[in-house]
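Residue numbers (our numbering): 173 to 335.
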C-alpha cells in the first residue's frame, strides 16, 4: 500500500504546489532562453551583450582560438547571465520539487521525472500542468472526504446525544 500524505499536511501541500508552479514556469522560460543562447553561440558564433560599445543590446562574434571560444563583445555578457540565472533557478526548482515530492509521499522515480523538467526543454510546462491538476484534485478530494467524515461524525454524535 503506497503512503499517502498526512491530513495535517494538506494546507502545506497547496503552498508547496504554488512554489513548484512558479519555479517550474520560470525555470522553463530560462531553459528556453539558455537553449536559444547556446544555438546562437555554437551554431552562429554570436553572443548577446548589453550596454557595450555597440549599444544597449548587440550581438558580438565569438572567435575560435586554441584555448576555445573567445568573446569579442564589450559590456555585460547576457549570454553568461542567462546561463547563471538558469542554474540558480534550477536549484529553486529542485527545492520546490523536493518539497512537493516529500509532502505528497511519492516514489523517488517521480522526483527524478519532475527534476528532468528543468533540463529537458518544454517538459517543465507539461509537468507543471499535469502535476498541478493532479495535486489539486487529490487535495480537493481528501478535503471533501475529511469534511464528509466530519459531518458524519457530528451527526452521529448528535444522534447519540439525543438518545
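Each residue gets a CB set at the ideal place from its N, CA and C atoms; glycine is no exception.
* Asked: Alpha carbon to alpha carbon, what distance is there between residue 250 and residue 268?
  -> For the purposes of this step, residue 268 is taken as residue 96 along the chain shown, with counting starting at 1. For the purposes of this step, residue 250 is taken as residue 78 along the chain shown, with counting starting at 1. Taking the straight line from one Cα to the other gives about 26 Å.
* Asked: Since residue 240 is in the alpha helix (DSSP H), which residue starts that stretch and which ends it?
  -> Counting from 1 along the chain shown, the entry for residue 240 is found at position 68. For residue 240, no alpha helix (DSSP H) run applies; the uninterrupted beta strand (DSSP E) run containing it begins and ends at 240–243, by DSSP.
* **Burial state of residue 241, where buried means 16 or more other Cβ atoms lie within 10 Å** => What you label residue 241 is simply residue 69 of the chain shown in a count that begins at 1. Counting other Cβ atoms within 10 Å of its Cβ, residue 241 stays below 16 and is therefore classed as exposed.
* Asked: Within the chosen definition, does the region 245–260 reach the region 195–203 through at least 3 CB pairs nearer than 8 Å?
  -> Touching, yes.
* Asked: With a cut-off of 8 Å, do at least 3 Cβ pairs link the region 225–240 to the region 295–315?
  -> no
* C-alpha distance - residue 173 paired with residue 284, whole-angstrom precision -> Taking the chain shown and counting its residues from 1, the one referred to as residue 173 is at position 1. Taking the chain shown and counting its residues from 1, the one referred to as residue 284 is at position 112. Its pLDDT being 45, under 50, residue 173 is placed unreliably in this model, and the value from its coordinates should be taken loosely. Roughly 21 Å separates the two Cα atoms.
* Identify the continuous beta strand (DSSP E) that holds residue 237 and give its terminal residues. => Translated into the one-based positions of the chain shown, residue 237 becomes position 65. Unbroken beta strand (DSSP E) run through residue 237: 227–237.
* Nearest neighbour of residue 181, chosen from 320, 223, 276 [CA to CA] -> One-based indexing of the chain shown puts residue 181 at position 9. When only C-alpha atoms are compared, the closest one is 276.
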